[in-house]
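Trainee: So for the sequence shown, this note's numbering puts the first residue at 12; every next one is plus one. Backbone N, C-alpha and C fix where the C-beta goes; we use that ideal spot for every residue, glycine too. I'd like to ask you about the structure that follows.
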Amino acid sequence: MPHPLQTPVKKAAIAAGAATATLLSALYANTRYGVSYDINQLLSEKAFRNRIDERARALGDDFSLYHMMQLAKPQAEALWFEGRGWTYAELILESRKLAAVFHHHGVSSGDVVAVFTSNSPEMVLSLVAVSKLGAIPALINTALQRQTLQYCLDIANAKILVCTPDLAPAIADLASVNQPPPTLSLSLSSFAPLQLAAEVCAAVGIIQIRYEDLANPMAASAPQPTKRLLKDIGALVYTSGTSGKPKAVAVKNFLLVLASTPTTVDVKNRKTYLPLRIYCCLPLFHATALLAGLYYITGVSGTLCLARKFSASRFSMQLVESRATRMLYVGELCRAHKCIVAHGNGLNREVWLKLKHRFGIPEIREVYRSTEGIAKFDNITRSEGAAGMVGFAGPVKRYAEEDVFLVKFDPTTEAPYRDPATGFCVHVSADKPGEAIGRVRSMAFYNEYYNNPEANKHKLISDVFEKGDLFQRTGDLLVRQKSGWIRFHDRSGDTFRWKGENVSVGEVRGHIAQLPNVQNCFAYGVKLEGYDGQAGAATITLADPSQEAEFVDHLYSRLRSGGLTAYQLPKLVRFSPMIEMTATFKQSSVALKSPSWDPAVTTDQTDSTYWLNGEQYSKIDSAAWSLIKTGKAKL
Numbered sequence: 012m013p014h015p016l017q018t019p020v021k022k023a024a025i026a027a028g029a030a031t032a033t034l035l036s037a038l039y040a041n042t043r044y045g046v047s048y049d050i051n052q053l054l055s056e057k058a059f060r061n062r063i064d065e066r067a068r069a070l071g072d073d074f075s076l077y078h079m080m081q082l083a084k085p086q087a088e089a090l091w092f093e094g095r096g097w098t099y100a101e102l103i104l105e106s107r108k109l110a111a112v113f114h115h116h117g118v119s120s121g122d123v124v125a126v127f128t129s130n131s132p133e134m135v136l137s138l139v140a141v142s143k144l145g146a147i148p149a150l151i152n153t154a155l156q157r158q159t160l161q162y163c164l165d166i167a168n169a170k171i172l173v174c175t176p177d178l179a180p181a182i183a184d185l186a187s188v189n190q191p192p193p194t195l196s197l198s199l200s201s202f203a204p205l206q207l208a209a210e211v212c213a214a215v216g217i218i219q220i221r222y223e224d225l226a227n228p229m230a231a232s233a234p235q236p237t238k239r240l241l242k243d244i245g246a247l248v249y250t251s252g253t254s255g256k257p258k259a260v261a262v263k264n265f266l267l268v269l270a271s272t273p274t275t276v277d278v279k280n281r282k283t284y285l286p287l288r289i290y291c292c293l294p295l296f297h298a299t300a301l302l303a304g305l306y307y308i309t310g311v312s313g314t315l316c317l318a319r320k321f322s323a324s325r326f327s328m329q330l331v332e333s334r335a336t337r338m339l340y341v342g343e344l345c346r347a348h349k350c351i352v353a354h355g356n357g358l359n360r361e362v363w364l365k366l367k368h369r370f371g372i373p374e375i376r377e378v379y380r381s382t383e384g385i386a387k388f389d390n391i392t393r394s395e396g397a398a399g400m401v402g403f404a405g406p407v408k409r410y411a412e413e414d415v416f417l418v419k420f421d422p423t424t425e426a427p428y429r430d431p432a433t434g435f436c437v438h439v440s441a442d443k444p445g446e447a448i449g450r451v452r453s454m455a456f457y458n459e460y461y462n463n464p465e466a467n468k469h470k471l472i473s474d475v476f477e478k479g480d481l482f483q484r485t486g487d488l489l490v491r492q493k494s495g496w497i498r499f500h501d502r503s504g505d506t507f508r509w510k511g512e513n514v515s516v517g518e519v520r521g522h523i524a525q526l527p528n529v530q531n532c533f534a535y536g537v538k539l540e541g542y543d544g545q546a547g548a549a550t551i552t553l554a555d556p557s558q559e560a561e562f563v564d565h566l567y568s569r570l571r572s573g574g575l576t577a578y579q580l581p582k583l584v585r586f587s588p589m590i591e592m593t594a595t596f597k598q599s600s601v602a603l604k605s606p607s608w609d610p611a612v613t614t615d616q617t618d619s620t621y622w623l624n625g626e627q628y629s630k631i632d633s634a635a636w637s638l639i640k641t642g643k644a645k646l
């Protein structure tokens, strides 16, 4: 006869065993598929959506930057610049005076004001003042000149142009060939009177506005703006122009409200992340600086610690002086500092780890999203295994996802692939590159290109998964690994075909960048007569140019041993003392692809060019070019 406790004990043991097995299964599923990470993401996104609604209700019918600052704590420090600070109350007071000056010069609600200013309190005040009037700031890249500058001004059709004295010569140069809008040059606190700028202003009719001018009777008041809706345009932010002329993105007020809403991770960990001080050496005309910097601080009554520009020699010092707890980055941009978070986009794994360890920054928040983009991923984990990734999507997240997808890409048409049987797009499988697309739920809140219907048409794709749906293309190819982590692979336009094979310029560049003595490099495709597809080309800047001959001697063998296939090898190589970058630290593909490979017409004598002659790179002379241009060289 069994012991009376034997059956309950057995049952308890079985139950305990089952519970243990269930727990182990859950732990295994979580480890392999990242279930808890998915669930945390979904809960975080839901909480964030609720806070967006709360933020919009608090702002009422005034979604201006001016009103956002009114809702912040008045005595909290809003801006720090070169050792001086301004509270929210002080910025509101000064911007109200400046708004009256702008109104005196004809600016009203709905007008566009071109803001062509260096990073400075003048720029911040201009943006706040323009928003108070209900007008729209068009943030112009300060590196632009002449035709491109005029092109951006033409797109905006601005009522006035606001500049800082250091940029007055560019306006004067423009005025010699075109007629810019009426221009105000601001020298309120950060620019000493420049005689050159004063002469320039007088010559071309630029009106100088000094701090004492804000005390004039005309600066006493400014009208209240008319009601502005969430679907109205709040700012024009230009694309970087890395692959052509800049396009102005019409950023709707909804995105600006979203940008000013505190993130879930900051709200849940207030003691760690707040009060917030964001160090920003990126130009404020860049979306990351504007949205993740200036707009975000208003939602947490934080401080924007603004630098005039990026300085490698002063970076660490400024980080310490500003007492920043967060910094913004784009691409590949100390221990005594207080910075605990780096926030931005475009950081590869190698630089990610160097930044984290060299400067002692424990947390890096990588955000994948373009200015106008709907498709969005975030990587805010502290795990070094996730370095270089843009986000995570495990099975739970993918099951719940309704708006952002990776679809199979057709390199021949340079568009998402469609199944011949259904006509619909196809979800890409794990470890395969696919284009990221985002669902357009309302065109009213869509951040379209301003006055550019053709570009808008190219960005949209319909009937993706069912008839009548509408998505926005990113043009970016991402890869979801089997682990669930998502990494950037390439831009669709940066993939070319050579003799029937697809070549990723990002992959080629990555191999070259790892070679000794390489300071910078750029890979691309070149169309040559007599050859199938585009020949691979590379422009390289060496850290020590005197070692060029030795570098060339080993280039072929190092690239081949590094893993590049024969069809991936650059057929043409140019050595240049400098690779041109845009003002937002991106390589300018147009400028890099422009120089000729013909030695007879090459104007830049500082460049040297080579071609792949068998298994070695040889100088391109007239005889070699004759073979190449006639299709007789065995590339």
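Over the uninterrupted alpha helix (DSSP H) stretch that includes I182, give me the two end residues.
Mentor: Locating residue 182 in the sequence shown gives position 171, counting from the first residue. Start and end: 179-186.
Trainee: Does DSSP classify S142 as helix, strand or coil?
Mentor: In the sequence shown, the residue the question calls residue 142 occupies position 131. Three-state DSSP puts S142 in a helix.
Trainee: Could you name the residues of the same chain whose beta carbon sits closer than 6 Å to that of T250, not counting the 5 residues immediately before and after it, in chain order?
Mentor: In the sequence shown, the residue the question calls residue 250 occupies position 239. If we look at T250 and ignore the five residues flanking it on each side, its Cβ neighbours are P257, K258.
Trainee: If contact is defined by three or more beta carbon pairs under 8 Å, each pair taking one atom from either stretch, is the region 483-490 in contact with the region 269-276?
Mentor: no
Trainee: Residues in its own chain within less than 8 Å of R569 by CB, not counting five upstream and five downstream?
Mentor: Residue mapping note: residue 569 aligns to position 558 of the sequence shown, counting from 1. Answer for R569: L526, listed in chain order.
Trainee: If the criterion is Cβ atoms closer than 8 Å, does the pair A110 and A125 meet it?
Mentor: On the sequence shown, position 99 is the one that residue 110 refers to. On the sequence shown, position 114 is the one that residue 125 refers to. In this structure, A110 lies away from A125, with their beta-carbon atoms at least 8 Å apart.
Trainee: I need the boundaries of the alpha helix (DSSP H) containing H114, first residue and last residue.
Mentor: Taking the sequence shown and counting its residues from 1, one reaches residue 114 at position 103. Its alpha helix (DSSP H) spans residues 99-115.
Trainee: Exposed or buried, which one is L583 when buried takes at least 16 other CB atoms within 10 Å?
Mentor: Against the sequence shown, residue 583 aligns to sequence position 572. L583 counts as buried, since no fewer than 16 other beta carbons sit within 10 angstroms of its beta carbon.
Trainee: Pull the bridge partners of F533 from the DSSP assignment, please.
Mentor: For the purposes of this step, residue 533 is identified with residue 522 of the sequence shown, where counting begins at 1. DSSP output for F533 lists T550 as bridge partner(s).
Trainee: May I have the straight-line CA-CA distance separating V135 from Y379, to the nearest angstrom?
Mentor: Locating residue 135 in the sequence shown gives position 124, where the first residue counts as 1. Locating residue 379 in the sequence shown gives position 368, where the first residue counts as 1. Cα-Cα distance, rounded: 26 Å.
Trainee: Just reading off the beta strand (DSSP E) that N624 is part of, what are its end residues?
Mentor: Here residue 624 is taken as the residue at index 613 of the sequence shown, counted from 1. From DSSP, the beta strand (DSSP E) with N624 extends over 619-624.
Trainee: Which residues in the same chain as S312 place their Cβ atom closer than 6 Å to its Cβ, once the five residues preceding and following it in sequence are excluded?
Mentor: On the sequence shown, residue 312 is found 301 positions in, with the first residue counted as 1. Closer than 6 Å at Cβ, skipping near neighbours: A83, K84, A87.
Trainee: Provide the residue(s) that pair with I375 in DSSP beta bridges, ordered along the chain.
Mentor: As a first step, residue 375 must be located in the sequence shown, where it is residue number 364. According to DSSP, I375 bridges with A353.
Trainee: In terms of residues, what are the limits of the alpha helix (DSSP H) holding L247?
Mentor: Stepping through the sequence shown from its first residue, residue 247 is reached at position 236. Looking at the DSSP string, L247 is not in any alpha helix (DSSP H); the run it does join, the beta strand (DSSP E), is 244-249.
Trainee: Going by DSSP, what residues sit across from A125 in a beta bridge?
Mentor: Working through the sequence shown from its first residue, we reach residue 125 at position 114. A125 pairs with A149, L172.
Trainee: Of the residues A560, E105, L241, I182, which one's Cα is nearest the Cα of L164?
Mentor: Counted from its first residue, the sequence shown places residue 164 at position 153. Comparing Cα-Cα distances from L164 to each of A560, E105, L241, I182, the minimum goes to I182.
Trainee: Is C163 helix, strand or coil by DSSP?
Mentor: As a first step, residue 163 is located in the sequence shown; it is residue number 152 there, counting from the start. The answer is helix: DSSP assigns C163 an H, G or I state.
Trainee: Can you tell me whether K643 is helix, strand or coil according to DSSP?
Mentor: Locating residue 643 in the sequence shown gives position 632, counting from the first residue. Three-state DSSP puts K643 in coil, outside helix and strand.
Trainee: One question on the structure: do V401 and I497 come within less than 8 Å of each other, judged by their Cβ atoms?
Mentor: Residue numbering aside, residue 401 sits at position 390 when the sequence shown is read from its first letter. Residue numbering aside, residue 497 sits at position 486 when the sequence shown is read from its first letter. It is a contact, given that the beta carbons lie within the stated cut-off.
Trainee: Quick one: give me the first and last residue of the alpha helix (DSSP H) that F265 is part of.
Mentor: To locate residue 265, count along the sequence shown from 1; it is residue 254. Judged by DSSP secondary structure, F265 falls within the alpha helix (DSSP H) whose first and last residues are 264-270.
Trainee: Have a look at S557, Y290, H438 and flag the residue whose alpha-carbon is nearest the alpha-carbon of S327.
Mentor: The residue given as residue 327 occupies position 316 in the sequence shown. Among S557, Y290, H438, the Cα nearest to that of S327 belongs to Y290.
Trainee: Could you tell me which residues DSSP puts in a beta bridge with T433?
Mentor: Within the sequence shown, residue 433 is the residue found at index 422, counting from 1. Assignment of beta-bridge partners to T433 by DSSP yields no partner.
Trainee: Which ranges would you report for the beta strand (DSSP E) in the region 394-480 if only whole runs of at least 3 residues count?
Mentor: 400-403, 415-421, 444-450, 471-473
Trainee: Let me confirm a value: L34 is counted as buried when at least 16 other C-beta atoms fall within 10 Å, else exposed. Which label applies?
Mentor: Sequence index remark: in the sequence shown, residue 34 carries index 23 (1-based). With a pLDDT of 48 at L34, under the threshold of 50, the predicted position of this residue should be treated as unreliable, and no value is reported.
Trainee: Hey, how far is the Cα of G145 from the Cα of R239?
Mentor: Mapped onto the sequence shown, residue 145 falls at position 134. Mapped onto the sequence shown, residue 239 falls at position 228. So the alpha carbons of these two residues sit roughly 7 Å apart.
Trainee: For Y340, name the three-state secondary structure that DSSP assigns.
Mentor: Taking the first residue of the sequence shown as position 1, residue 340 is located at position 329. Of the three classes helix, strand and coil, the one that applies to Y340 here is strand, per DSSP.
Trainee: Using a 10 Å radius around the Cβ and a threshold of 16 neighbouring Cβ atoms, would you call S187 buried or exposed?
Mentor: For this step, residue 187 is matched to residue 176 along the sequence shown. S187 comes out exposed.
Trainee: What is the C-beta distance between S196 and I218, in whole angstroms, given that I count them as a contact (C-beta under 8 Å)?
Mentor: Here residue 196 refers to the residue found at position 185 of the sequence shown. Here residue 218 refers to the residue found at position 207 of the sequence shown. The Cβ separation is near 7 Å, so the contact holds.
Trainee: Give the single residue among A554, E626, S557, V563 whose Cα lies nearest to the Cα of T576.
Mentor: Here residue 576 refers to the residue found at position 565 when the sequence shown is read from its first residue. Among A554, E626, S557, V563, the Cα nearest to that of T576 is on E626.
Trainee: Below 8 Å, how does it come out for the region 427-445 and the region 456-463: are there three or more Cβ pairs, yes or no?
Mentor: No, because fewer than three Cβ pairs between the region 427-445 and the region 456-463 fall closer than 8 Å, the two stretches do not touch.
Trainee: How far does the alpha helix (DSSP H) with A303 in it reach, from first residue to last?
Mentor: Along the sequence shown, read from residue 1 onward, the residue named residue 303 stands at position 292. Counting along the chain, A303 falls outside any alpha helix (DSSP H), and DSSP gives it neither H nor E.
Trainee: Which residue marks the beginning of the alpha helix (DSSP H) containing T275, and which one marks its end?
Mentor: The count along the sequence shown starts at 1 and reaches residue 275 at position 264. 275-279 is the span of the alpha helix (DSSP H), which, as asked, contains T275.
Trainee: Would you please state the rounded distance, in angstroms, between the beta carbons of A534 and G547? I believe it to be under 8 Å.
Mentor: As a working mapping, residue 534 is identified with position 523 in the sequence shown. As a working mapping, residue 547 is identified with position 536 in the sequence shown. Indeed, because the Cβ distance is near 7 Å, the residues count as touching under 8 Å.
Trainee: With C-beta atoms as the reference, is L417 less than 8 Å away from A447?
Mentor: Position 406 of the sequence shown, counting from 1, holds the residue named residue 417. Position 436 of the sequence shown, counting from 1, holds the residue named residue 447. Closer than 8 Å, so yes.
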